[in-house]
Amino acid sequence: MVIDVNKLASNILHDKWNEDTDTGNYHSYCLQSFFDAKGFTQIDELCRKLVNFLENMEIIKDDEYYSVGRCKLINYWLYDKVKQILNSESPDIYDKDIRELYKAWNHYNTYGYYRVEQYKCEPESNIPAMEDIDDKKKVHEHCLNYYEICKKKDNNDECQKYKDYMQNLSLPYKNFDILFPKDQHDYSSYYSKCESYNPENILKE
Numbered sequence: 001m002v003i004d005v006n007k008l009a010s011n012i013l014h015d016k017w018n019e020d021t022d023t024g025n026y027h028s029y030c031l032q033s034f035f036d037a038k039g040f041t042q043i044d045e046l047c048r049k050l051v052n053f054l055e056n057m058e059i060i061k062d063d064e065y066y067s068v069g070r071c072k073l074i075n076y077w078l079y080d081k082v083k084q085i086l087n088s089e090s091p092d093i094y095d096k097d098i099r100e101l102y103k104a105w106n107h108y109n110t111y112g113y114y115r116v117e118q119y120k121c122e123p124e125s126n127i128p129a130m131e132d133i134d135d136k137k138k139v140h141e142h143c144l145n146y147y148e149i150c151k152k153k154d155n156n157d158e159c160q161k162y163k164d165y166m167q168n169l170s171l172p173y174k175n176f177d178i179l180f181p182k183d184q185h186d187y188s189s190y191y192s193k194c195e196s197y198n199p200e201n202i203l204k205e
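Mapping of the sequence shown onto full-length UniProt numbering: position 5 corresponds to residue 5, and the numbering continues sequentially without gaps.
Structural data, given as structure tokens:
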């Protein structure tokens, strides 16, 4: 038996974000962001979708690891979308547009719907280079999926299926320290667990 990849936590989140077309009434949070002319309309729409997701994101109490992992994935969903919109444009334009999206994100976190600090989703402090997005995203996806299947649930069959599946993922754990320099937000517990989910460690258990 093989695992149903459509039911992996990361794919459920990505499907939700990709399928949701509601941009809501959030234009005001994006007004102060100055996106590059290339792809302006699409990135402005992406900005409003992002704020809509933040506004309607379910609060998960007593599960910090899932909450942080989900926030990491929304960052990488955003990077992917900007990369797709800009296609082969300059990394400088990508970097500029991400910073402007972060400006809207921080504006929402400061002035938007009230949420206690521990339940706010934060933009990353280090914007990844375009060529590193896929590798970093793979690791975050794996960490959330492994946690959800093998750590939270007492289901040995599903866990074994995931262990079989992950052996074909080519996860770049040998570069973990390079890919994930210290984040200014205190997510040391998240990264420590994520690093321990290296398939080489798991398969020795």
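Every residue gets a Cβ at the ideal spot worked out from N, C-alpha and C, and that includes glycine.
To the nearest whole angstrom, what separates the beta carbons of residue i and residue j, a pair I think is in contact under 8 Å?
{"i": "GLU89", "j": "LYS38", "result": "6 Å"}
{"i": "LYS49", "j": "THR23", "result": "5 Å"}
{"i": "ASP36", "j": "ASP97", "result": "6 Å"}
{"i": "GLU103", "j": "TYR94", "result": "Note on identity: in this sequence residue 103 is Lys, with Glu being the wrong assignment. Contact doesn't hold; Cβ gap of about 15 Å is too wide."}
{"i": "GLU124", "j": "ASN75", "result": "5 Å"}
{"i": "HIS140", "j": "TRP77", "result": "Wrong, their Cβ atoms sit about 10 Å apart, outside the cutoff."}
{"i": "CYS30", "j": "CYS47", "result": "4 Å"}
Helix, strand or coil: which one does DSSP assign to residue i?
{"i": "HIS2", "result": "The question names His, but residue 2 is Val in the sequence shown. The answer is coil: DSSP assigns VAL2 none of H, G, I, E or B."}
{"i": "SER192", "result": "helix"}
{"i": "PHE35", "result": "coil"}
{"i": "LEU203", "result": "coil"}
{"i": "residue 209", "result": "Nothing can be reported for residue 209: it is not among the residues displayed for the chain, which extend from 1 to 205."}
{"i": "TYR187", "result": "coil"}
{"i": "GLU131", "result": "helix"}
{"i": "GLN160", "result": "helix"}
{"i": "LYS103", "result": "helix"}
{"i": "TYR147", "result": "helix"}
{"i": "LYS153", "result": "coil"}
{"i": "LYS120", "result": "coil"}
{"i": "LYS61", "result": "coil"}
{"i": "GLU141", "result": "helix"}
{"i": "PRO172", "result": "coil"}
{"i": "LYS182", "result": "coil"}
{"i": "TYR165", "result": "helix"}
{"i": "TYR29", "result": "helix"}
Pull up the distance between the alpha-carbon of residue i and that of residue j, whole angstroms please.
{"i": "TYR142", "j": "VAL5", "result": "Before going further, note that residue 142 is His rather than Tyr in the sequence given. Using only the alpha carbons, I get a separation of about 12 Å."}
{"i": "SER34", "j": "GLU195", "result": "The question names Ser, but residue 34 in the sequence shown is Phe. Answer to the nearest angstrom: the Cα atoms are 36 Å apart."}
{"i": "ILE178", "j": "ASP20", "result": "34 Å"}
{"i": "LYS138", "j": "LEU171", "result": "7 Å"}
{"i": "ASP154", "j": "ASN25", "result": "42 Å"}
{"i": "ASP164", "j": "LYS174", "result": "20 Å"}
{"i": "ASN109", "j": "MET1", "result": "44 Å"}
{"i": "TYR146", "j": "ILE3", "result": "12 Å"}
{"i": "LYS161", "j": "GLN32", "result": "47 Å"}
{"i": "ASN52", "j": "TYR111", "result": "14 Å"}
{"i": "LYS151", "j": "GLN167", "result": "18 Å"}
{"i": "SER67", "j": "LYS182", "result": "19 Å"}
{"i": "LEU144", "j": "ILE59", "result": "17 Å"}
{"i": "GLY69", "j": "TYR190", "result": "8 Å"}
{"i": "PHE40", "j": "GLU200", "result": "43 Å"}
{"i": "ALA129", "j": "GLU205", "result": "34 Å"}
Taking 7 Å as the CB-CB cut-off, is residue i touching chain D?
{"i": "GLU124", "result": "Considering every chain present, this structure includes no chain D. It has just one protein chain."}
Would you give the residue range spanned by the alpha helix (DSSP H) that residue i belongs to?
{"i": "SER10", "result": "9-19"}
{"i": "ASP22", "result": "Per DSSP, ASP22 belongs to no alpha helix (DSSP H) and is neither H nor E."}
{"i": "ASP80", "result": "64-86"}
{"i": "PHE53", "result": "40-56"}
{"i": "ILE178", "result": "176-179"}
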